[in-house]
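Under the numbering used here, the residue at position 76 of the sequence shown is numbered 67, and the numbers go up by one with no gaps.
First up is the structure itself, then whatever we jot down about it.
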Amino acid sequence: MTIFDHSLYMDLAIEQAHKAQQAGEVPVGAVLLAADGRILARAYNRSIGLHDPTAHAEMLAIRRAAAQLRNYRLLSTTLYVTIEPCVMCMGAVIHARIGTVVFGTHDPKWGAAGSLYHFAADHRLNHQPAVVGGVRADQCRALIQNFFQQRRQWSRQCPTS
């Protein structure tokens, strides 16, 4: 098994999160690596722009990597994402047989990699990816918090009638 510099690849995911923010999306970014360290896919949240509740950064990265490899199984890959994956995304990780999930900040409201649920530790499921949390946590947390703080300020300034 190859050991990756988690901080380096999380920085690439953070770059994707900034792209999401610039597009008016929730700033979440993801990068999916092959076992040899090759980047298979980069993605950021696009749910708002695509009018698609499944267009999370993780889902888009998984779809792109699977299409590139022409295989729905992404064995021995590593997914980097700026926030802990939700139930939908962790379900996709398990179905795709991704080897490792590395995330930035925990998500106590939606997280399915240890915060609210811990899908990777559920031995009733047919795959248990390794999970590493807290990589560049402060940066990732600040991205999300600042985004929602700005949204709340904007909504107070522009009340609907």
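All residues carry an ideal CB built from backbone N, CA and C; glycine is no exception.
Since this is a predicted model, take the numbers as computed values, not measurements.
Do V72 and V19 have their CB atoms nearer than 8 Å? As a position in the sequence shown, residue 72 is number 81, starting the count at 1. As a position in the sequence shown, residue 19 is number 28, starting the count at 1. The answer is yes: Cβ separation under 8 Å.
Just mark M(-8) as buried or exposed, buried being the case when its beta carbon has 16 or more other beta carbons within 10 Å. On the sequence shown, residue -8 is found 1 positions in, with the first residue counted as 1. Residue placement at M(-8) is flagged as unreliable, the pLDDT there being 44, under the threshold of 50; a coordinate-derived value is accordingly withheld.
Distance, Cα to Cα, A111 vs G28? For the purposes of this step, residue 111 is taken as residue 120 along the sequence shown, with counting starting at 1. For the purposes of this step, residue 28 is taken as residue 37 along the sequence shown, with counting starting at 1. Cα to Cα, A111 sits roughly 22 Å from G28.
Reducing DSSP to helix, strand and coil, say where H118 ends up. Taking the first residue of the sequence shown as 1, we reach residue 118 at position 127. Reduced to three states, the DSSP call for H118 is coil.
Compare the beta carbon distance of L23 and A56 with 8 Å and say whether it is the shorter of the two. The residue given as residue 23 occupies position 32 in the sequence shown. The residue given as residue 56 occupies position 65 in the sequence shown. Judged by beta-carbon spacing, A56 lies within the 8 Å limit of L23, meaning their Cβ atoms are closer than that value.
Helix, strand or coil: how does DSSP classify Q148 here? The residue given as residue 148 occupies position 157 in the sequence shown. DSSP, read as helix, strand or coil, puts Q148 in helix.
Which residues does DSSP pair with G40 in a beta bridge? Position 49 of the sequence shown, counted from the first residue, corresponds to residue 40. Looking at the DSSP output, G40 sits in no beta bridge, so it has no partner there.
When P44, Q59, L134 and T68 are compared against V122, the one with the closest alpha-carbon: One-based indexing of the sequence shown puts residue 122 at position 131. It is T68 whose Cα lies nearest to the Cα of V122.
Buried/exposed call for N117, threshold 16 Cβ in 10 Å: Working through the sequence shown from its first residue, we reach residue 117 at position 126. Exposed: under 16 other Cβ atoms inside 10 Å.
Among all the DSSP beta bridges, which residues are the ones paired with L24? Translated into the one-based positions of the sequence shown, residue 24 becomes position 33. DSSP links L24 through a beta bridge to I30 and T69.
Would L60 and L31 be called neighbours here (beta carbons separated by less than 8 Å)? For the purposes of this step, residue 60 is identified with residue 69 of the sequence shown, where counting begins at 1. For the purposes of this step, residue 31 is identified with residue 40 of the sequence shown, where counting begins at 1. Yes, they are a contact pair.
Expected contact under 8 Å - CB spacing of A103 and V126 to nearest Å: Position 112 of the sequence shown holds residue 103. Position 135 of the sequence shown holds residue 126. Not really, about 17 Å apart at Cβ, beyond 8 Å.
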